[in-house]
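Asks: The structure is given below, and queries will be raised subsequently.
Number of protein chains: 2
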Amino acid sequence: MTESTGGTVDPDGPLAFEDPEYREAVVDLLGAIAYGEISAFERLAEDARLAPTLEDKVAIVTMATAEFAHVAPLRERLESLGADPFAAMAPFRSAIDLFHAHTAPSDWFEGLIKAYVGDGMANDFYREIAAYLDAETRDLVVATLEDGGHSRFVVDRVRAAIVADHRLGGRLALWGRRLMGEALTQAQRVAAERDALSALLAGGVDRPGLDLAAIGRMFARITERHAERMAELGLDS
Amino acid sequence: MTESTGGTVDPDGPLAFEDPEYREAVVDLLGAIAYGEISAFERLAEDARLAPTLEDKVAIVTMATAEFAHVAPLRERLESLGADPFAAMAPFRSAIDLFHAHTAPSDWFEGLIKAYVGDGMANDFYREIAAYLDAETRDLVVATLEDGGHSRFVVDRVRAAIVADHRLGGRLALWGRRLMGEALTQAQRVAAERDALSALLAGGVDRPGLDLAAIGRMFARITERHAERMAELGLDS
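Heads up: the protein sequence lines correspond to chains W and H, in order.
Residues 74 to 310 (this note's numbering) make up the first sequence, in order.
Residues 74 to 310 (this note's numbering) make up the second sequence, in order.
If you want it as structure tokens, here you go:
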């Protein structure tokens, strides 16, 4: 409720929302995350049809419904900010749909890797961005990142399949690189189109931000964690 | 824990499970419900692609995930009865898959009606059968029947569409009859194949059951409630 020293707005207080650009950036971010979760749900539910057994199908659908469960609190938060949740999602539909159209899995294992690695990349990005948010929004964003350990089964399934078929490992490693490349392409597209969201990262008069070097380091961290996840699956990155 | 008068087994006590035929019937029932929920989820998630707006899509997916949320407690209960949940589901996959294959919606409204009316019929049947179960199984079955009011939106959407297009009402009324017919066909098939499950309804030496006239009255009640649901949607049955 009070301004911090130096005349900057307290990023943890409601005052943050008195900056219309900050509010716009948060509406953008929550809209992007919400549509990302809906879209992730849809693709996982579709990929579930490729499951070799009913048990595998139930496991992937459990991951899908866990993603979808995040949508309701994001909608509520958008509404409490006076935004129409579906209008807030609209600007991100094209980039997210394109990401999925360009990375449609051709089999069950590509679907599993996409679920694990794609979700991981998105979560890393949101975790990075969460540092620039007020406390309430940050808590909400961080809560959407918890997967409840459902994706453990992906690691088990992929590792077992690679042991059984070494050529599969090479193909899936390439697939992981393609997912990363496509995600960066679409993220850059969003950054170029959504000024408020980019400004959130770049900082503003009242808020600390990232210079170009810091943004570079952020992407280096995200790429590094992608490599760690690929290694966890037993794949080169 | 005690036998009731007349030498019959207390249907509310663990002793009910000392009758192997009763246990087999409960495993069948929970397996059928679990696969029904998984399958309902799959079809709703697929029908969601026909949604005219993102908001409608989110509404139908919310119904789908509510169905799927029932699967985990059903699995746990099957495991606590010493049954393999997926083996318990297996005998019902063909009938339930056939029901869906024969009632694939050709548009968004047929999908909505199917979600509402199909789910309603299944729930009525489970509610009828619940009367013949021990208390713990009954509570679990009844809990799977709660839809949390999500389907209210189906009634609103269908009524509004019929007002706008009267011919749609005639087509959807026919569709409702077809759903009911196909559900009865598959239910009879299951009853013919699964002796323990049929015996649960018919009763046994130790348990009260239904004679043919009572089974007829049960189906009359289910048909009547189907007609009520169709009327609620603004459709003739």
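Where a beta carbon is used, it is the ideal one built from N, C-alpha and C, also for glycine.
Computed from a prediction, not measured in an experiment: that's the story for all the values here.
Can you check whether the C-beta of R290/W is within less than 8 Å of a C-beta belonging to chain H?
Replies: Looking up residue 290/W in the first sequence gives position 217. By this cut-off, R290/W is not an interface position.
Asks: For G80/W, decide whether its Cβ has a neighbour in chain H, counting only Cβ atoms nearer than 8 Å.
Replies: Indexing the first sequence from 1 puts residue 80/W at position 7. Any reading at G80/W needs caution, since the residue's pLDDT is 40, under 50, leaving its predicted position unreliable; the model's value is listed next. With 8 Å as the cut-off, G80/W does not count as an interface residue toward chain H.
Asks: Does the segment 96-108 of chain W come within contact of the segment 151-168 of chain W, defined as at least 3 CB pairs closer than 8 Å?
Replies: Segments in contact, yes.
Asks: Whose C-beta lies closer than 6 Å to the C-beta of R262/H among residues of the same chain, with five residues either side of it excluded?
Replies: Numbered from 1 along the second sequence, position 189 holds the residue referred to as residue 262/H. Contacts found: A168.
Asks: Does the Cβ-Cβ distance between D120/H and I111/H come in under 8 Å?
Replies: As a position in the second sequence, residue 120/H is number 47, starting the count at 1. As a position in the second sequence, residue 111/H is number 38, starting the count at 1. For D120/H and I111/H, no; Cβs fall outside 8 Å.
Asks: Whole angstroms are fine: how far does the CA of R211/H sit from the CA of G184/H?
Replies: To locate residue 184/H, count along the second sequence from 1; it is residue 111. To locate residue 211/H, count along the second sequence from 1; it is residue 138. Roughly 30 Å between the two C-alpha positions.
Asks: Just the Cα atoms here: how many angstroms apart are G80/W and T217/H?
Replies: Start at 1 with the first residue of the first sequence, and residue 80/W comes out as number 7. Start at 1 with the first residue of the second sequence, and residue 217/H comes out as number 144. In this predicted model, G80/W has a pLDDT of only 40, less than 50, meaning its place in the structure is not dependable; the value taken from the coordinates is given anyway. Computed Cα separation, rounded: 56 Å.
Asks: Would you report the Cα separation of R116/W and V214/H, rounded to the nearest angstrom?
Replies: For the purposes of this step, residue 116/W is taken as the residue at position 43 of the first sequence. For the purposes of this step, residue 214/H is taken as the residue at position 141 of the second sequence. Distance between the alpha carbons of R116/W and V214/H: 30 Å.
Asks: Which residues, in order along the segment 124-147 of chain W, keep a beta-carbon less than 9 Å from a beta-carbon of chain H?
Replies: Cβ contacts with chain H: T126, L127, E128, K130, V131, V134, T135, A137, T138, F141, A142, V144, A145.
Asks: Can you name the start and end residues of the alpha helix (DSSP H) that P125/W belongs to?
Replies: For the purposes of this step, residue 125/W is taken as residue 52 along the first sequence, with counting starting at 1. No alpha helix (DSSP H) holds P125/W; DSSP gives it neither H nor E.
Asks: Which residues of chain W have a Cβ atom closer than 7 Å to the Cβ of A118/H, listed in chain order?
Replies: Counting from 1 along the second sequence, the entry for residue 118/H is found at position 45. Within 7 Å Cβ-Cβ: A118.
Asks: Would you tell me roughly how many angstroms separate the C-alpha atoms of R251/W and W181/W, rounded to the nearest one?
Replies: As a first step, residue 251/W is located in the first sequence; it is residue number 178 there, counting from the start. As a first step, residue 181/W is located in the first sequence; it is residue number 108 there, counting from the start. Looking at the two C-alpha atoms, the distance is approximately 17 Å.
Asks: State the Cα-Cα distance for the pair M194/H and R240/W, rounded to the nearest angstrom.
Replies: Locating residue 194/H in the second sequence gives position 121, where the first residue counts as 1. Locating residue 240/W in the first sequence gives position 167, where the first residue counts as 1. Using only the alpha carbons, I get a separation of about 49 Å.
Asks: What first and last residue would you give for the alpha helix (DSSP H) that runs through S224/W?
Replies: Sequence index remark: in the first sequence, residue 224/W carries index 151 (1-based). First-last for S224/W: undefined, no H or E at that position.
Asks: Count Cβ pairs between the segment 186-201 of chain W and the segment 225-236 of chain W that sit closer than 8 Å; are there 3 or more?
Replies: The answer is yes - the segment 225-236 of chain W touches the segment 186-201 of chain W, with three or more Cβ pairs under 8 Å.
Asks: Whole-angstrom Cβ separation of R288/H and L274/H, contact assumed at under 8 Å?
Replies: Here residue 288/H is taken as the residue at index 215 of the second sequence, counted from 1. Here residue 274/H is taken as the residue at index 201 of the second sequence, counted from 1. A quick correction: the sequence has Ile, not Arg, at residue 288/H. Confirmed, about 7 Å.
Asks: Return the residues of the segment 169-183 of chain H that lie within a Cβ-Cβ distance of less than 8 Å from chain W, sorted by chain order.
Replies: Those residues of the segment 169-183 of chain H that come within reach of chain W (Cβ to Cβ, closer than 8 Å) do not exist; the list is empty.
Asks: Quick one: what does DSSP say E183/H is sitting in, helix, strand or coil?
Replies: Numbered from its first residue, the second sequence carries residue 183/H at position 110. Residue state, collapsed to three classes: helix.
Asks: Residues of the segment 192-223 of chain W with a CB closer than 8 Å to any CB of chain H: list them in chain order, please.
Replies: Cβ contacts with chain H come from no residue of the segment 192-223 of chain W.
Asks: So for L306/W, helix, strand or coil by DSSP?
Replies: Start at 1 with the first residue of the first sequence, and residue 306/W comes out as number 233. Reduced to three states, the DSSP call for L306/W is coil.
Asks: Would I235/W count as contacting chain H if we go by Cβ distances under 8 Å?
Replies: Working through the first sequence from its first residue, we reach residue 235/W at position 162. So no, I235/W is outside the interface.
Asks: Measure the beta-carbon distance from V144/W to V144/H and round it to whole angstroms, keeping in mind my assumption that it falls under 8 Å.
Replies: Here residue 144/W is taken as the residue at index 71 of the first sequence, counted from 1. Here residue 144/H is taken as the residue at index 71 of the second sequence, counted from 1. V144/W to V144/H, Cβ: 20 Å. No contact.
Asks: With distances taken Cα to Cα, identify the nearest neighbour of A163/H among R302/H, F172/H, D101/H.
Replies: Start at 1 with the first residue of the second sequence, and residue 163/H comes out as number 90. Ranking the options by Cα distance to A163/H, first place goes to D101/H.
Asks: Cβ of F141/W within 8 Å of Cβ of F114/W?
Replies: Locating residue 141/W in the first sequence gives position 68, counting from the first residue. Locating residue 114/W in the first sequence gives position 41, counting from the first residue. In contact: F141/W and F114/W (Cβ atoms closer than 8 Å).
Asks: Using a Cβ-Cβ cut-off of less than 9 Å, give me the residues of the segment 156-170 of chain H that come near chain W, in sequence order.
Replies: So the list reads P158, F159, M162, A163, R166, given in the order they occur along the chain.
Asks: How far does the alpha helix (DSSP H) with G249/H in it reach, from first residue to last?
Replies: Taking the first residue of the second sequence as 1, we reach residue 249/H at position 176. Looking at the DSSP string, the run of the alpha helix (DSSP H) that includes G249/H is 239-266.
Asks: On the three-state DSSP scale, how would you describe G276/W?
Replies: One-based indexing of the first sequence puts residue 276/W at position 203. Three-state result, G276/W: coil.
Asks: The alpha helix (DSSP H) with A145/W in it runs from where to where?
Replies: For the purposes of this step, residue 145/W is taken as residue 72 along the first sequence, with counting starting at 1. Taken as a continuous stretch (DSSP letters only), the alpha helix (DSSP H) holding A145/W covers 144-153.
Asks: Kindly list the residues whose CB is nearer than 7 Å to the CB of E255/H, restricted to its own chain and excluding five residues on each side of it in sequence; keep chain order.
Replies: The count along the second sequence starts at 1 and reaches residue 255/H at position 182. Taken in chain order, the residues that qualify are F172, H175, T176.
Asks: Could you check the C-alpha separation between L285/H and S179/H for me, to the nearest Å?
Replies: By one-based count along the second sequence, residue 285/H stands at place 212. By one-based count along the second sequence, residue 179/H stands at place 106. Approximately 37 Å, taken between the alpha carbons.
Asks: Between A234/W, L270/W, D129/W, E152/W, which has its C-alpha nearest F198/W's C-alpha?
Replies: Your numbering for residue 198/W matches position 125 in the first sequence. When only C-alpha atoms are compared, the closest one is L270/W.
Asks: For the alpha helix (DSSP H) containing F90/H, list its first residue and its last residue.
Replies: As a working note, residue 90/H is residue 17 in the second sequence. Here F90/H belongs to no alpha helix (DSSP H), and DSSP marks it neither H nor E.
Asks: Do you know how far the Cα of R150/H is from the Cα of R302/H?
Replies: Indexing the second sequence from 1 puts residue 302/H at position 229. Indexing the second sequence from 1 puts residue 150/H at position 77. Their Cα atoms are separated by approximately 31 Å.
Asks: In whole angstroms, what separates the C-alpha of V231/H from that of E219/H?
Replies: Translated into positions along the second sequence, residue 231/H becomes position 158. Translated into positions along the second sequence, residue 219/H becomes position 146. V231/H and E219/H: Cα-Cα distance of roughly 21 Å.
Asks: Do you know offhand how far L306/H's Cα is from E91/W's?
Replies: Here the question's residue 306/H lines up with position 233 in the second sequence. Here the question's residue 91/W lines up with position 18 in the first sequence. Approximately 46 Å, taken between the alpha carbons.
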